[in-house]
Every structure is written in C-alpha cells, then in structure tokens.
Amino acid sequence: MANAEREERPERPAESDGTAHLFRALGKQIKVLRERAGMSQRELGLATHCGEDLISAMERGVRTPQPDFLDRADDVLGAGGVLKAAMGEAREALAKARTRHPEWYRGYATLEAAASQIYDYNNQAVPGLLQTEAYARAIFTQRRPLLSEETIEKRIADRMDRQKVFERWPLPTFHFILDESVLMRPIGGRDVHQEQLQTLLRIGRLRTVQLQMVPLDRTEQPSLDGPFTLITPKGKQQLAYLEIHGYPKLITDPEEVRVLAVRYGIMQSVALTPGESLATIEKMLGER
Numbered sequence: 087m088a089n090a091e092r093e094e095r096p097e098r099p100a101e102s103d104g105t106a107h108l109f110r111a112l113g114k115q116i117k118v119l120r121e122r123a124g125m126s127q128r129e130l131g132l133a134t135h136c137g138e139d140l141i142s143a144m145e146r147g148v149r150t151p152q153p154d155f156l157d158r159a160d161d162v163l164g165a166g167g168v169l170k171a172a173m174g175e176a177r178e179a180l181a182k183a184r185t186r187h188p189e190w191y192r193g194y195a196t197l198e199a200a201a202s203q204i205y206d207y208n209n210q211a212v213p214g215l216l217q218t219e220a221y222a223r224a225i226f227t228q229r230r231p232l233l234s235e236e237t238i239e240k241r242i243a244d245r246m247d248r249q250k251v252f253e254r255w256p257l258p259t260f261h262f263i264l265d266e267s268v269l270m271r272p273i274g275g276r277d278v279h280q281e282q283l284q285t286l287l288r289i290g291r292l293r294t295v296q297l298q299m300v301p302l303d304r305t306e307q308p309s310l311d312g313p314f315t316l317i318t319p320k321g322k323q324q325l326a327y328l329e330i331h332g333y334p335k336l337i338t339d340p341e342e343v344r345v346l347a348v349r350y351g352i353m354q355s356v357a358l359t360p361g362e363s364l365a366t367i368e369k370m371l372g373e374r
C-alpha cells in the first residue's frame, strides 16, 4: 500500500536476535502436538489453566509462550520433553525483551506492565486492555490515514501482548468505567461486537476487576474532555495518562493527577454498579 502509514520505531531485540522466530516456531510446535493429541484449543486451555484465545494467539505467534505454560503443556500433550527443552531459551528471550510498543508509548507501557492499580475511563472505544483481537483489528484497519498491513499486524500483536498483565501474579487491581455509547457502537460488525461484549463479561467477572457503565441518560458527566487512565506503579505515587489523536501525555504533577482522580470518583458515583453493569451487557447480548 503505497499511501499507507508505516510505523517508525527502533527494531525490537526479538527481531534483531531472532527470538521472534523462536516463539513462532514454538507456536507451531504447540499446534502440531495439540492436534496430534486430539485436543481442541479450548481443551488445552482448560488443562493448562489458560484461555482458549490465549492458546490460539500462542499458536499463531501473536503471544509469547511463558516457561510455566511450556512445562504444563509438555505434560498434558505428552510431548516427551520437547517443549520443556525450550523453557530456558524462552526465559532468556523474555528477560532480554523490551516493551513491544512504539517509542512514544514505551514509557507508559512499562509502567502498565508493573502497575499495582489501573483505573481507566473511556467514552470513545473499549480500552486496549479489554479489546479482542478482532476488535483491535477493526480499530487499526479503520484508522486514517491508512496503516500498512505490516503496521496493523504489529500493533495488534503489541495490544494483545499488553493483556499479559491479567496473567501475572500478584495481579493488579483493575477498574474500568465505560460510557454506554462505547458498548452500543458495533465496531467491526455484529460478530466482532458480540465477541467483544462477551469478553467484557468474562473479564468483568474476574476477582480483581470492577467494570462499570455510565448510562446515556445520566445528566451528570464530569469527563466530557475524553478518556484517561490513572495508574499506580508499585510503591510509587499515582500517575495519569492521556492520549488524544496519537499525542500522549504522562501526567506526574500531583495536583493535575488529583483533579483527574476526583473526576474518576464522580464517574464511579454516577455509573451503574459493577453488578448492574454486567447485567446490562448480558441484556445487550440477549437482544442481539
């Protein structure tokens, strides 16, 4: 695509030292072993304490197999040590890897990956941490000016990689507030929208996650300026992050952060409770 925008960023270590090829090869091996064992992705996920979508992403090379997963999967699939033999290389590659994001986003992505608390408000789209692969693809494909196919695939992989924050231990505390318009907007079409709503339900039911929806009929809306994220790095003061039309801003000034924290608190008070919010999403799915 001659007129498509290409993302400019430094080469990742995984690309320069070949570890990306290692992870893609591991994904292919996992798929072959799974099919030889006569297991579906869902069955392998249940047996290894992973989601079906994570198994799919690892097999396609979109997500990185963690050493503990390789250990469990080797036993489940009867691989005879084939996957366990790669645990050392996988651990070493992960230790060397840098944040998989454009240069301008890397500072925030590093904070997010190690945060103890993440509070996110959005009135435009489903937050990246909650997006399905299909929803993310629709977002990036619709971007103007057009992104190149290579850039789209890189950004999808990066966005899915961020969601490993839900898998680490100890888990951060998550809180999401979504405007009802976000849930009503069928980005990507009916099937993509339905899968996204189902994913919101699944994540919203996690013990460490609270998800609230602000109905459109609310007369009080203190954050019409747009989305923002409050993030608390482990052992440090709360920070805020804004991003408008690709222009990022990491806010460290305590007074500016306090103003956004107050806004977030008001949004919590005018939103539906987490239980009511999940029930509303279930109703949306039932009406489709």
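Count the sequence shown with the working numbering and you get residues 87 to 374, in order.
Note that beta-carbon positions come from the ideal geometry of N, C-alpha and C, so glycine has one too.
DSSP lists 319 as the bridge partner or partners of residue 201.
In the structure shown, residue 330 adopts extended strand secondary structure according to DSSP, grouped into three states. Spanning the alpha carbons of residue 339 and residue 219 requires a straight line of approximately 34 Å.
Close CB contacts of residue 155 within its chain, under the 7 Å cut and outside five residues either way in sequence, are with 134, 136 (chain order). Residue 348 sits exposed, since fewer than 16 C-beta atoms from the chains shown fall within 10 Å of its C-beta. Residue state for residue 289 is assigned as helix, using DSSP reduced to three classes. For residue 298, the closest alpha carbon among the candidates 269, 118, 109 is that of 269. In this structure, 203 is the residue among 124, 203, 196, 144 with its C-alpha nearest to the C-alpha of residue 316. Close CB contacts of residue 141 within its chain, under the 7 Å cut and outside five residues either way in sequence, are with 127, 130, 131 (chain order).
Annotation: residue 257 to residue 249 spans about 12 Å, alpha carbon to alpha carbon. The alpha-carbon of residue 357 is positioned some 19 Å away from that of residue 294. 8 Å or more divides the Cβ of residue 146 from the Cβ of residue 167.
In this structure, the CA atom of residue 245 is about 31 Å from the CA atom of residue 123. Note on geometry: alpha-carbon atoms of residue 110 and residue 118 lie some 13 Å from one another.
Taking a contact as a CB-CB distance under 8 Å, the pair residue 210 and residue 169 does not count as one, their CB atoms being some 41 Å apart.
Considering only 221, 178, 279, 301, the residue with the shortest C-alpha distance to residue 263 is 301. For residue 298, the secondary structure class from DSSP, reduced to helix, strand or coil, is strand. Close CB contacts of residue 371 within its chain, under the 6 Å cut and outside five residues either way in sequence, are with 283 (chain order). Judged by DSSP in its simplified three-state form, residue 225 adopts helix. The DSSP-derived three-state label of residue 371 is helix. Collapsing the DSSP output to three states places residue 279 in a helix.
In the DSSP annotation of this structure, residue 130 is not part of any beta strand (DSSP E); the continuous alpha helix (DSSP H) holding it starts and ends at 127-133.
At a Cβ-Cβ threshold of 8 Å, residue 224 and residue 289 do not count as neighbours. DSSP places residue 339 outside both helix and strand once states are collapsed to three, so it counts as coil.
In this structure residue 336 touches residue 327 by the C-beta definition: roughly 5 Å separates them, less than 8 Å.
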